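Quick notes on the structure that follows.
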Amino acid sequence: MINEDIHISILEKNQLAPFDLLLTADPNRTKIEDYLMSGECYVLKIQNKVKGVIVLEQRTERVLEIVNIAVEESVQGRGLGKLLLRFAEKQAIKQKYEKLQIGTGNSSINQLALYQKMGFEIKDVFHHFFTKNYPSPIYENGIQCRHMILLEKQLTY
């Protein structure tokens with residue numbers, strides 16, 4: 139974990155979203171713009187510089203979804219992703235949600251491992267989600283991203 143001055147705060151509607159970071163997790167700017175309108179975007183700053191981002195969106199009265207999470211490459215591997223996931227869980231509990239969900243691609247090996255280590259379990263697979271909903275193929279870890287894996291965490295109070 140970074141032992142620096144770290145703050146997570148909501149991005150106000152009049153502030154410019156950190157699209158450079160958001161696009162690293164989701165290459166479709168139109169989709170990002172859509173969920174920024176309906177969800178809440180939080181930025182993680184280290185010494186007043188944005189280094190991470192997470193977007194939360196209500197799915198149902200009982201379910202909150204993490205629709206985007208990204209950490210700047212230069213600070214990856216230092217626990218900031220875990221910090222953002224814990225933050226999302228606290229927000230969900232504070233708002234009385236029962237479940238927290240997150241979707242990722244079949245090729246997102248590191249993310250799948252992290253989410254499961256953080257208590258998320260695979261709930262569903264949406265076959266060909268990325269090949270049907272994104273204009274260009276996405277590759278990670280030498281694997282084409284085709285399917286969305288939906289993970290879910292039951293929240294406890």
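Numbering (my numbering), first residue to last: 139 to 295.
We put the beta carbon where it would ideally sit given N, CA and C, even for glycine.
Since the structure is predicted, the reported quantities are computational estimates derived from the model, not experimental observations.
Isoleucine 207 beta carbon less than 8 Å from that of glycine 243: Here residue 243 refers to the residue found at position 105 of the sequence shown. Here residue 207 refers to the residue found at position 69 of the sequence shown. Contact flag unset, no.
Under the three-state DSSP convention, the category lysine 237 falls into: Mapped onto the sequence shown, residue 237 falls at position 99. Three-state DSSP puts lysine 237 in a strand.
From which residue to which residue does the alpha helix (DSSP H) around leucine 174 run? Reading the sequence shown from its first residue, position 36 is the one you call residue 174. Per DSSP, leucine 174 belongs to the alpha helix (DSSP H) from 167-176.
Top-ranked residue by Cα proximity to glutamine 228, from Val191, Glu278 and Tyr295: Indexing the sequence shown from 1 puts residue 228 at position 90. Reading the sequence as shown, one finds lysine at residue 228 and not glutamine. Checked all of Val191, Glu278 and Tyr295; the closest Cα to lysine 228 is Tyr295.
Apart from the five residues just before and just after glutamate 195, which ones in its own chain have a Cβ nearer than 7 Å to its Cβ? Here residue 195 refers to the residue found at position 57 when the sequence shown is read from its first residue. Answer for glutamate 195: Tyr173, Ser176, Gly177, Glu203 and Val205, listed in chain order.
So, at 6 Å on beta carbons, what are the nonlocal neighbours of aspartate 164 in its own chain, with the 5 sequence-adjacent residues on each side left out? Start at 1 with the first residue of the sequence shown, and residue 164 comes out as number 26. The residues are Ile170 and Asn206.
Excluding the 5 residues preceding and the 5 following leucine 183 in the sequence, name in chain order all residues of the same chain whose CB lies nearer than 6 Å to its CB. Against the sequence shown, residue 183 aligns to sequence position 45. Reading off the sequence, residue 183 comes out as lysine, not leucine. These residues qualify, in order along the chain: His145.
Quick check on the DSSP output: the beta strand (DSSP E) that includes phenylalanine 264 runs from which residue to which? Within the sequence shown, the letter at position 126 stands for residue 264. Run containing phenylalanine 264: 259-264, per the beta strand (DSSP E) assignment.
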